[in-house]
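Below is one structure; the comments refer to it alone.
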Amino acid sequence: MTAVREQTAPHPPPGTGHPRRSPGSGPRRPSKDGGPGVWPYVLIAPAVLGTLYLLVYPLVRAVVISLQDFGLRQLILGDARFVGLDNYGTLLGDSRFWEVVRRTFLFMAVDVVLIMVLSTLVALMIERLGRFGRTAVLSSLVLAWAMPVIAATTVFQWLFHSEFGIVNAVLKDLGFASFDRYAWFAHGPAAFAILVALVVWQSVPFAAITLYSALTTVPVELYESARLDGASGTRIFWSLTFPVVRPIFLLVCSLEVIWTFKAFVQIWVMTNGGPGDATTILPVYAVQTALSSQRYDLGSAASMVTVVLMSGVLVLYFRQMFRQEDELA
Amino acid sequence: MSTTRPRMRRVPLNAAAVVTVALCLFPVYWMVATAFTPARDIQSVSPRLVPRTWTLDHFRTAVGADGFGLFWRNSLLVTLSAVLLSLVVALGSAYAVARMRWRGRRQFMLMVFIAQMAPWESLIIPVYIISRDTGMLDRLPTLTLVYFMMTLPFTVIVLRGFIGTIPPELEESAQVDGCTRLGAFRHVAFPLLAPGLMATSLFGYITAWNEFAYANFLIIKQQDNRTLPVWLSSFQNVFGTDWGATMAASTLFAAPALVVFLLLQRHVTSGFAAGAVKG
Numbered sequence: 001m002t003a004v005r006e007q008t009a010p011h012p013p014p015g016t017g018h019p020r021r022s023p024g025s026g027p028r029r030p031s032k033d034g035g036p037g038v039w040p041y042v043l044i045a046p047a048v049l050g051t052l053y054l055l056v057y058p059l060v061r062a063v064v065i066s067l068q069d070f071g072l073r074q075l076i077l078g079d080a081r082f083v084g085l086d087n088y089g090t091l092l093g094d095s096r097f098w099e100v101v102r103r104t105f106l107f108m109a110v111d112v113v114l115i116m117v118l119s120t121l122v123a124l125m126i127e128r129l130g131r132f133g134r135t136a137v138l139s140s141l142v143l144a145w146a147m148p149v150i151a152a153t154t155v156f157q158w159l160f161h162s163e164f165g166i167v168n169a170v171l172k173d174l175g176f177a178s179f180d181r182y183a184w185f186a187h188g189p190a191a192f193a194i195l196v197a198l199v200v201w202q203s204v205p206f207a208a209i210t211l212y213s214a215l216t217t218v219p220v221e222l223y224e225s226a227r228l229d230g231a232s233g234t235r236i237f238w239s240l241t242f243p244v245v246r247p248i249f250l251l252v253c254s255l256e257v258i259w260t261f262k263a264f265v266q267i268w269v270m271t272n273g274g275p276g277d278a279t280t281i282l283p284v285y286a287v288q289t290a291l292s293s294q295r296y297d298l299g300s301a302a303s304m305v306t307v308v309l310m311s312g313v314l315v316l317y318f319r320q321m322f323r324q325e326d327e328l329a
Numbered sequence: 001m002s003t004t005r006p007r008m009r010r011v012p013l014n015a016a017a018v019v020t021v022a023l024c025l026f027p028v029y030w031m032v033a034t035a036f037t038p039a040r041d042i043q044s045v046s047p048r049l050v051p052r053t054w055t056l057d058h059f060r061t062a063v064g065a066d067g068f069g070l071f072w073r074n075s076l077l078v079t080l081s082a083v084l085l086s087l088v089v090a091l092g093s094a095y096a097v098a099r100m101r102w103r104g105r106r107q108f109m110l111m112v113f114i115a116q117m118a119p120w121e122s123l124i125i126p127v128y129i130i131s132r133d134t135g136m137l138d139r140l141p142t143l144t145l146v147y148f149m150m151t152l153p154f155t156v157i158v159l160r161g162f163i164g165t166i167p168p169e170l171e172e173s174a175q176v177d178g179c180t181r182l183g184a185f186r187h188v189a190f191p192l193l194a195p196g197l198m199a200t201s202l203f204g205y206i207t208a209w210n211e212f213a214y215a216n217f218l219i220i221k222q223q224d225n226r227t228l229p230v231w232l233s234s235f236q237n238v239f240g241t242d243w244g245a246t247m248a249a250s251t252l253f254a255a256p257a258l259v260v261f262l263l264l265q266r267h268v269t270s271g272f273a274a275g276a277v278k279g
């Protein structure tokens, strides 16, 4: 926790005039011998070159492929020709594609609302717990967080196994006889719900721990004076706690939007997008189209649509982040 | 914190804490418990919360499965080299950003922040085609490079934050005492960076250890170059419905991450939080 405290504790409330100028956080004044010269550029060169070749170049290739007629034949012979926006036309004219887009947003919205509500509650709870309870909850959050995605996905498949799964057994014992051998993965909405549960289970730890560490930066004196003034718990939360953690809350929220929008592995491994199309969201659709149907052009076009939709969230994310950066600068 | 709170009000709070702990841990527990449960008890319509008898059979099946050691080695190799590469490259960039003033510094950080949000799931197709064209398909170094790039931005951001918390005066005084700039960094700042290096390498380790999509689609013909996550996902096909072996394999796969995280919990949470809070 030391790092967070050191960086955030001396933070003045916004609007108190001079922004903090701690010795370490800003760049060093240029030295008298004329600044650092070429050294910074040498130091960043590997990172820049890596980004250009491993990130920018594939992205450009993806755009190019999405503008070509690119199937299995072109993959082997390499004689793809440009067809302009034809692929996008095909995609946007396909009602199945729009169904997938709608489902992607539904999946994201349900996930993010659940994640943010639950993790805020958990963070507030951790803050109020005693030393022992706090350690216990934090440790179990960390354990759930450390669980590898594939392992967690496999375990959820096992938990919801139709014959021997413990969820069906417990539901049956509780008197819901209809859950005897209920085949979760054969029913669209049920499979969808399990994937939501899985993603929420995997995401709450990060969000809760981050929000909790944000809560610890609220000065205790503020709470004390608010309580002396007779403010209620809800009132304190909305007019004191929330404004302070708001930047980090929004940051976590946009991160979760991006992450759930990109959820791929869980779905691919657990349901492959099925049953039918019930759990197919955009990234799954793109990979299915490209690698299973060998329509690399359509798959790339779908990927690019995903990127464009996500950039909307990115703009929000960056606006928030730069506001924070300015405060820290 | 507040000791004046009446005891009665703590009951719902503690109940909520117990529920949270149970919900977080149950899937992990159930994985381990199933892995130790004899097959006949697994195939029971009313599962027991605590296995009646314990067995190591499933672990034997999992470890004895074709190529287990090989895939374990592949995963370790790819993960460690990606993390190391990313640490070395990021340390240079983070130092340049935190300690030097130069033209393009802000633009560089903007690039890093954008790269952190890279749509990796959308780049499988071009990366596949580029790897094929350069003869890098089916090879482990390809995965290393991709994982390096996936973890690099986060590593730069967090290390920059950590370097920022170390007062430059410390290094300056070492330089006055006759150290070179590099020597001053190595002897003074580097030890103070340990928590940051730990947090970021953990992040890289988890990302690379877990990565499935690229490992699944870039390693196709050379089955010997597969990594553990891919192997695990194909487990059910290999073993039919042997859930005991599947859970044992999952346990063996998850164990390193779980143990390391639990041991370093304090550093992990603060490091991740620092990274998240700062961007």
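So the sequence lines, in the order shown, correspond to chains V and W.
The first sequence begins at 1 in the UniProt record's numbering and counts up by one.
The second sequence begins at 1 in the UniProt record's numbering and counts up by one.
Think of the CB as a built atom: it goes at the ideal place given N, C-alpha and C, for glycine as much as any other residue.
Just so it is clear, the structure is predicted and the values come from calculations on it, not from any experiment.
Residue i to residue j span [Cα, whole Å]
i: S162 (chain V); j: F179 (chain V); result: 9 Å
i: T61 (chain W); j: A245 (chain W); result: 6 Å
i: I206 (chain W); j: A231 (chain V); result: 44 Å
i: P47 (chain V); j: C253 (chain V); result: Looking at the sequence itself, residue 47 (chain V) is Ala, so the reference to Pro does not match. Each residue's alpha carbon lies about 28 Å from the other.
i: A290 (chain V); j: A62 (chain V); result: 12 Å
i: R319 (chain V); j: M109 (chain W); result: 14 Å
i: V230 (chain W); j: L240 (chain V); result: 47 Å
i: I248 (chain V); j: Y285 (chain V); result: 32 Å
i: T217 (chain V); j: Y223 (chain V); result: 12 Å
i: P126 (chain W); j: K262 (chain V); result: 17 Å
i: T16 (chain V); j: G50 (chain V); result: For T16 (chain V), the predicted model reports a pLDDT of 40, less than 50, meaning its position is unreliable; a value from the coordinates is still stated below. If you take the alpha carbons of T16 (chain V) and G50 (chain V), they lie about 42 Å apart.
i: E256 (chain V); j: P36 (chain V); result: 39 Å
i: T260 (chain V); j: V112 (chain V); result: 8 Å
i: I267 (chain V); j: V260 (chain W); result: 27 Å
i: T34 (chain W); j: V28 (chain W); result: 10 Å
i: S234 (chain W); j: G64 (chain W); result: 15 Å
i: A302 (chain V); j: L282 (chain V); result: 7 Å
Per-residue contacts from residue i into chain W (C-beta, under 7 Å)
i: V82 (chain V); result: At residue 82 (chain V) the sequence reads Phe, which differs from the Val that was named. Correct list: empty, because the minimum Cβ distance to chain W is about 16 Å.
i: L174 (chain V); result: Neighbours of L174 (chain V) on chain W: none; closest Cβ ~13 Å, over 7 Å.
i: V100 (chain V); result: Ordered by position in chain W, no residue passes the 7 Å Cβ test against V100 (chain V), which lies about 14 Å from the chain.
8 Å Cβ cut-off: residues of chain W touching residue i
i: A136 (chain V); result: A17 and V21
i: Y296 (chain V); result: I125 and I129
i: A123 (chain V); result: Here the premise fails: no neighbours, minimum Cβ distance about 11 Å.
i: V307 (chain V); result: P119 and S122
i: W158 (chain V); result: W30, M31, T34, W243, T246 and M247
Residue range of the alpha helix (DSSP H) that includes residue i
i: L52 (chain V); result: Looking at the DSSP string, L52 (chain V) is not in any alpha helix (DSSP H), and its letter there is neither H nor E.
i: H58 (chain W); result: D57 to G64
i: D133 (chain W); result: I124 to D133
i: D173 (chain V); result: I166 to D173
i: F206 (chain V); result: G188 to L215
i: N14 (chain W); result: R10 to F36
i: N210 (chain W); result: A194 to N210
i: N216 (chain W); result: A213 to L218
Simplified DSSP assignment, three categories, for residue i
i: Q68 (chain V); result: strand
i: F132 (chain V); result: helix
i: F82 (chain V); result: strand
i: Q43 (chain W); result: coil
i: M109 (chain W); result: helix
i: Y182 (chain V); result: coil
i: D297 (chain V); result: helix
i: W54 (chain W); result: coil
i: Q116 (chain W); result: helix
i: Q266 (chain V); result: helix
Chain W within 8 Å of residue i, Cβ atoms only
i: L195 (chain V); result: no
i: S25 (chain V); result: Since pLDDT at S25 (chain V) reaches only 43, below the 50 mark, its modelled position is unreliable, and the value read off the structure follows with that caveat. Closer than 8 Å: yes.
i: V155 (chain V); result: yes
i: V113 (chain V); result: no
i: F164 (chain V); result: yes
i: K32 (chain V); result: For K32 (chain V), the predicted model reports a pLDDT of 47, less than 50, meaning its position is unreliable; a value from the coordinates is still stated below. No, K32 (chain V) does not count as interfacial toward chain W.
i: S139 (chain V); result: yes
i: I150 (chain V); result: yes
i: I258 (chain V); result: yes
Contact set between residue i and chain W, taken where Cβ atoms lie within less than 9 Å
i: R61 (chain V); result: L123, I125, P126, V127, I129 and I130
i: I65 (chain V); result: I125, P126 and I129
Cβ of residue i within 8 Å of any chain V Cβ
i: W209 (chain W); result: yes
i: V156 (chain W); result: yes
i: A174 (chain W); result: no
Partners in chain V for residue i, counting only beta-carbon separations shorter than 9 Å
i: Y147 (chain W); result: Correct list: empty, because the minimum Cβ distance to chain V is about 10 Å.
i: P51 (chain W); result: The premise fails here: P51 (chain W) is roughly 12 Å from chain V at the closest Cβ pair, so nothing lies under 9 Å.
Within chain V, the residues that residue i reaches when beta carbons sit closer than 7 Å
i: S233 (chain W); result: I150 and V269
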